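Structure, as structure tokens:
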Amino acid sequence: MAHLSLTNVGKTYGGSAQAAVADVNIEIRDGEFIVLVGPSGCGKSTLLRMVAGLETITQGEIRIGERLVNQLDPAERDIAMVFQNYALYPHMSVRDNMAYGLKNRGESKAVIEERVAEAARMLELRPYLNRKPRALSGGQRQRVAMGRAIVRQPSAFLFDEPLSNLDAKLRVSMRMEIRKLQKRLGTTSLYVTHDQLEAMTLADRLVVLNGGRVEQIGAPLEVYRAPASTFVASFIGAPAMSLLDANVENGQVMLDGHALAPVAHEAGPVTLGLRAEDLRITPGGVPMRVDYVEELGAQRIVHGFVGEQALAIIDTSEAPLPETVHLGVAPSRVHLFDARTGRRIETASQPVAVPAE
Amino acid sequence: MIATRLRKGGSRSLDRLFPLILLPVALIALGPVLRLLLEGVGLGDGLTSEHLTTVLTREGTRTALLHSLVTAGGGTLISILIGASFAFLVALTDIRGKGALVFCLMVPMMIPPQITALAWMQVTGPSSVLLKMLGLAPPLGSPQPLHSPQGIVLLLGIQHASLVFLTLRAGLRMIPADLVEAARMCGGGTLRVWAQVVLPLSMPALIAGAAMAFVTALGNFGIPAMLGIPARYSTLPTLIYQRLVGLGPSVLPEVAVLSLLIGLVAIAGVLAGRVVLSRGGFGLVGLSGTPLAFSLGRARLPVEIALWAFIAMILVLPLLALLATSLIPAYGVPLSFETATFKAWHEALLVQPVTRRAYANSLFLAVAAALILMAICLPLAWLMERRPSRITRLLDGLIDLPYALPGVVLSIACILTFTRLPFTDLTLYGTIWIILMAYLARFFVVMLRPIQSSLAQLDPAMEEAAASVGARLGRRLRAIVLPLAAPSAAAGAILVFLTAVNELTVSALLWSSGTETLGVVIFNLEDSGETVMASALAMSITCLIIALMAAVQLGARHFPKGTIPWQS
Chain U
1 MAHLSLTNVG
11 KTYGGSAQAA
21 VADVNIEIRD
31 GEFIVLVGPS
41 GCGKSTLLRM
51 VAGLETITQG
61 EIRIGERLVN
71 QLDPAERDIA
81 MVFQNYALYP
91 HMSVRDNMAY
101 GLKNRGESKA
111 VIEERVAEAA
121 RMLELRPYLN
131 RKPRALSGGQ
141 RQRVAMGRAI
151 VRQPSAFLFD
161 EPLSNLDAKL
171 RVSMRMEIRK
181 LQKRLGTTSL
191 YVTHDQLEAM
201 TLADRLVVLN
211 GGRVEQIGAP
221 LEVYRAPAST
231 FVASFIGAPA
241 MSLLDANVEN
251 GQVMLDGHAL
261 APVAHEAGPV
271 TLGLRAEDLR
281 ITPGGVPMRV
291 DYVEELGAQR
301 IVHGFVGEQA
311 LAIIDTSEAP
321 LPETVHLGVA
331 PSRVHLFDAR
341 TGRRIETASQ
351 PVAVPAE
Chain X
1 MIATRLRKGG
11 SRSLDRLFPL
21 ILLPVALIAL
31 GPVLRLLLEG
41 VGLGDGLTSE
51 HLTTVLTREG
61 TRTALLHSLV
71 TAGGGTLISI
81 LIGASFAFLV
91 ALTDIRGKGA
101 LVFCLMVPMM
111 IPPQITALAW
121 MQVTGPSSVL
131 LKMLGLAPPL
141 GSPQPLHSPQ
151 GIVLLLGIQH
161 ASLVFLTLRA
171 GLRMIPADLV
181 EAARMCGGGT
191 LRVWAQVVLP
201 LSMPALIAGA
211 AMAFVTALGN
221 FGIPAMLGIP
231 ARYSTLPTLI
241 YQRLVGLGPS
251 VLPEVAVLSL
261 LIGLVAIAGV
271 LAGRVVLSRG
281 GFGLVGLSGT
291 PLAFSLGRAR
301 LPVEIALWAF
311 IAMILVLPLL
321 ALLATSLIPA
331 YGVPLSFETA
341 TFKAWHEALL
351 VQPVTRRAYA
361 NSLFLAVAAA
371 LILMAICLPL
381 AWLMERRPSR
391 ITRLLDGLID
401 LPYALPGVVL
411 SIACILTFTR
421 LPFTDLTLYG
431 TIWIILMAYL
441 ARFFVVMLRP
451 IQSSLAQLDP
461 AMEEAAASVG
471 ARLGRRLRAI
481 VLPLAAPSAA
491 AGAILVFLTA
501 VNELTVSALL
511 WSSGTETLGV
521 VIFNLEDSGE
531 TVMASALAMS
541 ITCLIIALMA
551 AVQLGARHFP
561 KGTIPWQS
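Just so you know, the sequences run in chain order U and X. In terms of full-length UniProt numbering, the first sequence opens at residue 1 and continues consecutively. In terms of full-length UniProt numbering, the second sequence opens at residue 1 and continues consecutively.
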């Protein structure tokens, strides 16, 4: 058990001018579950592998507990990693796979036996201990990979997209299992995924990465409620937040010439962010041409255009829709971003409902 | 498959004609082997097992078999030592200059074995020009140390090391990097990870490579002939050669049995390898794009120096010795600036009719084999890939046989088949055509596999797209398949050419006056004491081969992956 700190961590590959990872600062508390999330190529796996010791660190410092680990061999860092392809040794039985790290460390036979048995019990792998990995299903292999990490009782777990090779249903159940197991063991964890849903459901805190830089760090709800940039806004949440060009005039945010909500911000162009689930169909408000409707059963997603800009809203009624509907939104749910930099503009939201006309 | 296609009618007439190509292919490639099998049980003299029993119970047969097993087995061990060391170091570590290293390791395999033997004989022994220059030569009259079983084993090992190397390296590439990373995180040091994870996982490839090296060493004729015959140490191939050359075609039934015996041992070797392979299939999951790379750290430079020193010893040293010998005016004269002369080169390349004839014969045979095989294999490979049937699959499985079987076996089979062409009085024996036929059978697979692999990588949708806009089969083949398969066909042709131009084993048994090949002439020159001229001729061939290999290497990026054996 240990806290983990990354200070100004960066990585530039030899021969490349562009940094693959730059200026990453994360303080991870003991027992915390941190998810690194971002689109492919954002540097999240590189960052994880730097913590693991599989990639060299070209800038900054990584500490596990109080130890500076920059120069340490992976084996000396006291961490365990679960790989995307599980990386089970195909020539060893499940038992030997789990015991391998302990044997290398020179643990006694009794300790090894006990730890493997404990992990097998937790992961319900007892019937398979003598099988070879190829005789296991995908979910079971995943468990063995977990077991291999658990038995070593490391100070941190590292997960590199561990669920991406499983089918959708198994992914959901394994997701829960990983989270429950981590809570029970209380081991600090760093988890990499490109799936924002997985990130939201697993994390104590999210780290959203883009182009090798941290866009935002925060609890899932914080990130969801107050995305720090247009990138985070469009990446977290489904359907993705609609981002529209808008103007602030006279304390009102204007969309296509119609006032949408009052905001405390100086006049000028802004990028307006609206979540589909925050928008309501109201008798009056901004008119939207309905383009098409996705029926999901419990709700429906209505896609349409305000002016020339695409927008989606979630509607829970089942009544047939007219060609044009009118939209409203609670002022507290309006997100404004700087039109130039894409950074979030904090506005003192005004607790005034949209006036019904 | 074909039947349903036939009913579809007119526009597919080419499709109907295509399978006809299978007939000559099967006859040329598999006919001789089949004929040999029949000979073993006494075809022609009525069914009898008499040959079998007389030959197999003879003392000489048993000795030769034992010698074959000993030399091939010992050679395989050395091949494993060399090939595996190189494969592990090249595929797993961060040494520099891998491309050049691999190329140099491949050269011994591409150089004909009799040239290897000749070159090494110039390194050791009392009349070594190189040793004399250095003043290290043993006194005259002392024996040539390579004329011994140990010498044969050593050279067989060096000659076939690259077979182990290539197979093992391919196997190592299949090991996902994350397995090694996982092991490193579990506290394994480099050596421990190698021993506990990499070695067990690469064992199947190592065994497969060893089986190949064994079978090839078993069939090798050049090295035991050059080194063993002077020492009266016969292996099965040299025994067959000596009996056939000494006693003529009357001993054919007898040598047929001998060649069946060696064929059996070879097949046993291959099967043993396959059994191990099928049991060792781990089903490696997941391919990480990143290759394994252990950092050697401070050991890198010493390792690099050791590898290059080894290359210098097995490649540069013998070739230098060969070159030195080729430059002296007469055998026994020491080499110095005053004595150095190109007389032997001039003599060998421009004056002697027999060497010029051999050059012409070998070049003709190699070019003809390459072109004919290319013409046959392009449609054949297409047929196997796009219109698979039981027959094509069977052919696919058996086509390896003439190449995998030792060369003497195929030669005897060809003599049996073509001495009296079935149903006619014609004979090909003693003409150059029998050698060509044998080459076609032997190198079929060398040509077929690259084309097959490039066609397999070709998306059938491209042809379907062409068909959908009305291109008929002939046009599709010309406009789409041919251009896309051409680079690998060219690579295959160059490989056939390279192998055929060096060939000794097959032609040693099939040549007659006027149809000598280069391999035969080198062998005969050395045999009759013309070592200097043999060296000059051998050196010229070596230069030709290295130049051709370099040409292939330079064009490497135009060839599909996997067509050039020493690349990947």
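Glycine included, every Cβ here is placed at the ideal spot set by N, Cα and C. What you are looking at is a predicted structure, and each value in this text was computed from that prediction instead of being measured.
When rounded, the separation of the alpha-carbon atoms in ALA205 of chain X and SER68 of chain X is 24 Å. Per DSSP, the continuous alpha helix (DSSP H) segment holding PRO379 of chain X begins and ends at 353-386. Closer than 9 Å to the CB of LEU179 of chain X there is at least one CB belonging to chain U. Pairing THR427 of chain X with LEU89 of chain X, the inter-Cα distance amounts to about 53 Å. Beyond the five residues adjoining it in sequence on each side, VAL193 of chain X comes within less than 7 Å, by CB distance, of VAL180, ALA183 and ARG184 in the same chain, given in chain order. Annotated three-state conformation of MET288 of chain U is strand, per DSSP. DSSP places GLN252 of chain U in the uninterrupted beta strand (DSSP E) bounded by 252-255. According to the DSSP assignment, GLU59 of chain X belongs to the alpha helix (DSSP H) that extends over 59-92. Per the coordinates, the alpha-carbon of CYS543 of chain X lies some 20 Å from the alpha-carbon of TRP308 of chain X.
Scanning the segment 183-256 of chain X from its first residue to its last, the whole alpha helix (DSSP H) runs of 4-plus residues come out as 190-193, 199-219 and 236-247.
By DSSP's assignment, THR282 of chain U forms a beta bridge with U:HIS326.
The DSSP-derived three-state label of ARG131 of chain U is coil. At a Cβ-Cβ threshold of 9 Å, PRO112 of chain X and ILE158 of chain X do not count as neighbours. Annotation: the continuous alpha helix (DSSP H) that includes VAL102 of chain X extends over 98-110.
By the criterion of a C-beta distance shorter than 6 Å, LEU260 of chain U is surrounded in its chain by VAL253 and VAL286, once the five residues flanking it on both sides are discounted. Counting only runs of 4 or more residues that sit fully inside the segment 76-104 of chain U, no alpha helix (DSSP H) segment turns up. With respect to the C-alpha of ILE79 of chain U, the residue from U:ALA276, U:ILE345, U:SER155 and U:GLN216 having the closest C-alpha is U:SER155.
Annotation for GLU198 of chain U: LEU163 and ARG175 place their beta carbon closer than 7 Å to its own, counting only its chain and skipping 5 residues before and after.
Excluding the 5 residues flanking it on each side, VAL354 of chain X has same chain C-beta neighbours closer than 7 Å at GLU516 and VAL521, in chain order. The three-state reading of DSSP puts GLN309 of chain U in strand, counting E and B together.
Note that the segment 121-130 of chain X does not touch the segment 193-203 of chain X; fewer than 3 beta-carbon pairs, one per stretch, sit closer than 8 Å. In the DSSP assignment, PHE157 of chain U falls within the unbroken beta strand (DSSP E) covering 156-160. Three or more pairs of CB atoms, one per stretch, sit closer than 8 Å, so the segment 411-419 of chain X contacts the segment 492-510 of chain X.
Along the segment 51-73 of chain U, going in chain order, the ones with a CB nearer than 9 Å to a CB of chain X are ALA52, GLY53, LEU54 and ASP73. Between the alpha carbons of GLY186 of chain U and ALA238 of chain U lies a distance of about 30 Å. Residues of chain X with a Cβ closer than 7 Å to the Cβ of PHE83 of chain U are, in chain order, ASP178 and ALA182. If you draw a straight line from the Cα of MET174 of chain X to the Cα of LEU168 of chain X, it comes to about 10 Å.
LYS44 of chain U sits buried, since 16 or more C-beta atoms from the chains shown fall within 10 Å of its C-beta.
Any Cβ of chain U closer than 9 Å to the Cβ of ARG192 of chain X would place that residue at the interface, and such an atom is present.
Between the alpha carbons of PHE235 of chain U and GLY38 of chain U lies a distance of about 8 Å. Annotated as distal: GLN144 of chain X and PHE523 of chain X, with beta-carbon spacing of 9 Å or more. Counting along the chain, ILE217 of chain U sits inside the beta strand (DSSP E) bounded by residues 213-218.
Short of 8 Å from the beta carbon of GLN182 of chain U, and not among the five residues preceding or following it, lie these beta carbons of its own chain, in chain order: PHE33, PHE157 and SER189. The beta carbon of ASN210 of chain U is closer than 7 Å to those of GLY38, CYS42 and PHE231 in its chain, skipping five residues each way along the sequence.
If only uninterrupted alpha helix (DSSP H) runs of at least 4 residues are considered, those enclosed by the segment 491-518 of chain X are 505-510. Under a criterion of Cβ atoms nearer than 7 Å, the residues of chain U adjacent to VAL197 of chain X are, in order, TYR89.
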